[in-house]
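Mapping of the sequence shown onto UniProt numbering: position 181 corresponds to residue 181, and the numbering continues sequentially without gaps.
Beta carbons: idealized from backbone N, C-alpha and C, even for Gly.
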Amino acid sequence: MEGKKILVTGGTGQVARPVAEALAERNEVWCLGRFGTPGVARALAERSITTRYWDMNDTSPAALDGLPTDFTHVLHSAVRRGEDGDFDAAVAANAVSTGRLMAHCASAEAFLYVSTGALYARQTLDHAYRESDPLGGVADWLPAYPVAKIAAEGAARAFARVLGLPTTIARLNIAYGPGGYGGVPMLYFQRMLAGEPIAVPLQGQNWCSPLYTDDLVRQVPLLWEVATTGATVVNWGGDERVGITDCLRYLEELTGVAPRLVPSEVTRETYAFDPTVRRRLIGDCVVGWREGLRRTLAAHHPERLLADTGA
């Protein structure tokens with residue numbers, strides 16, 4: 001992909017930053033965000049990325065004043081997760097910001113909204129969720145988050161049709177890799193290092209479909225290609241279903257650091273995906289979860305890798 005003018009929101013995050021940096025090699029890339037981490041705006045600018053402050057909590061019509069409208073592609077991954085428990089503010093920030101961005105960039109070739117698998121109605125722990133499965137909007141570990149994402153998906157569908165703007169809604173699973181903080185696996189490993197308890201289900205284990213950075217970056221242009229004015233909805237995760245406990249045990253195998261697993265009624269739920277639709281639309285992933293996890297660990301904690309793990 002080259003010669004395009006691309007707008008990325010949440011450009012300092014685990015998902016969007018590696019995408020923005022990769023696309024900036026052959027395209028004009030702009031990033032919107034709050035850039036709260038010291039030096040991150042400068043680091044993006046050094047990669048020829050134009051940065052502009054934007055707080056998605058500002059739902060006023062003037063929030064995007066002065067921003068060009070001639071972007072060819074948009075990746076909207078910024079999110080207000082709702083950690084403060086304010087459902088109304090989370091819904092407003094996510095839904096309104098999505099609608100305003102789509103209206104502002106109505107002439108774009110494609111718009112990609114990054115949603116989440118956490119919005120599915122919970123079934124069995126090992127259920128492989130399909131795009132047609134019912135939505136629930138219940139997540140005890142972060143209650144406002146799935147509700148806000150459902151609202152934003154509704155806004156994306158509406159504006160895609162009203163504006164005739166080709167749109168893809170990609171329901172993201174666990175994204176992880178060498179960049180940023182490493183993703184959920186590295187959050188767990190930090191807790192392992194600290195000897196902190198990690199909540200796991202009373203029976204069985206949570207499952208996920210982790211997506212390594214290399215595959216994520218490669219797939220963004222492909223997700224733009226399959227955008228439609230009816231809004232293409234696709235589960236965005238890896239090809240493999242992985243148990244979270246199995247993931248933690250593999251981290252232990254790589255490092256010798258044992259996780260402290262504590263059975264609990266409330267855990268950070270994750271969701272395994274049925275990858276059929278995604279594979280049909282944009283093809284297979286390249287990096288398997290074990291190799292991806294080893295690479296991620298080598299980037300963030302090289303001193304912890306045991307000598308016989310292939311590092």
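DSSP three-state assignment for Val-138, whether helix, strand or coil
In the three-state scheme derived from DSSP, where H, G and I count as helix and E and B as strand, Val-138 is classed as coil.
To the nearest angstrom, how far is it from the Cα of Pro-143 to the Cα of Asp-84?
Taking the CA atoms as reference points, Pro-143 sits about 10 Å from Asp-84.
Closer than 8 Å, CB to CB, is Pro-178 near chain C or not?
Of the chains in the structure shown, none is chain C; there is only one protein chain.
Relative to the C-alpha of Leu-281, which residue among Ala-170, Ala-298, Val-266 is closest?
Comparing alpha-carbon positions, the option among Ala-170, Ala-298, Val-266 lying closest to Leu-281 turns out to be Ala-170.
Tell me the rounded alpha-carbon separation between His-300 and Pro-221.
Their backbone Cα atoms lie some 27 Å apart in a straight line.
To the nearest angstrom, how far is the alpha carbon of Leu-101 from that of Thr-9?
In a straight line, the C-alpha of Leu-101 is about 10 Å away from that of Thr-9.
Suppose contacts are defined by Cβ-Cβ distances below 8 Å. Is Ser-228 in contact with Pro-275 by that definition?
Note that residue 228 is Thr in the sequence shown, not Ser. Between Thr-228 and Pro-275, the CB-CB gap reaches or exceeds 8 Å.
Tell me the DSSP secondary structure of Gly-36 in three-state form.
In this structure, Gly-36 counts as coil in the three-state DSSP scheme.
Measuring CA to CA, which of Thr-255, Val-287, Pro-263 is closest to Leu-297?
Of the residues Thr-255, Val-287, Pro-263, the one whose Cα lies closest to the Cα of Leu-297 is Thr-255.
Excluding five sequence neighbours on each side, which residues of the same chain lie with their C-beta closer than 7 Å to the C-beta of Ala-128?
Result list for Ala-128: Arg-241, Ala-272, Phe-273, Asp-274, in chain order.
With 16 as the cutoff for other CB atoms within 10 Å, does Ser-97 come out buried or exposed?
Ser-97 is buried by the Cβ-count criterion.
Please report the distance separating the alpha-carbon of Gly-230 from that of Arg-268.
Going by C-alpha positions, Gly-230 is about 32 Å away from Arg-268.
To the nearest angstrom, how far is the alpha carbon of Arg-278 from that of Asn-235?
In this structure, the straight-line span from the alpha carbon of Arg-278 to that of Asn-235 is close to 6 Å.
Quick one: residues in its chain with C-beta nearer than 6 Å to the C-beta of Ala-41, no 5 flanking neighbours on either side, listed in chain order?
If we look at Ala-41 and ignore the five residues flanking it on each side, its Cβ neighbours are Phe-35, Thr-51.
List, from N- to C-terminal side, the alpha helix (DSSP H) runs of 4 residues or more that fit wholly inside the stretch 127 to 203.
Taken in chain order, the complete alpha helix (DSSP H) segments of 4 or more residues contained in the stretch 127 to 203 are 144 to 163, 184 to 194.
So Ser-115 is in the beta strand (DSSP E); what residue range does that whole segment cover?
Here the beta strand (DSSP E) through Ser-115 covers 110 to 116.
Would you call the CB atoms of Gly-238 and Asn-173 closer than 8 Å?
Going by beta carbons, Gly-238 and Asn-173 fall inside the 8 Å limit.
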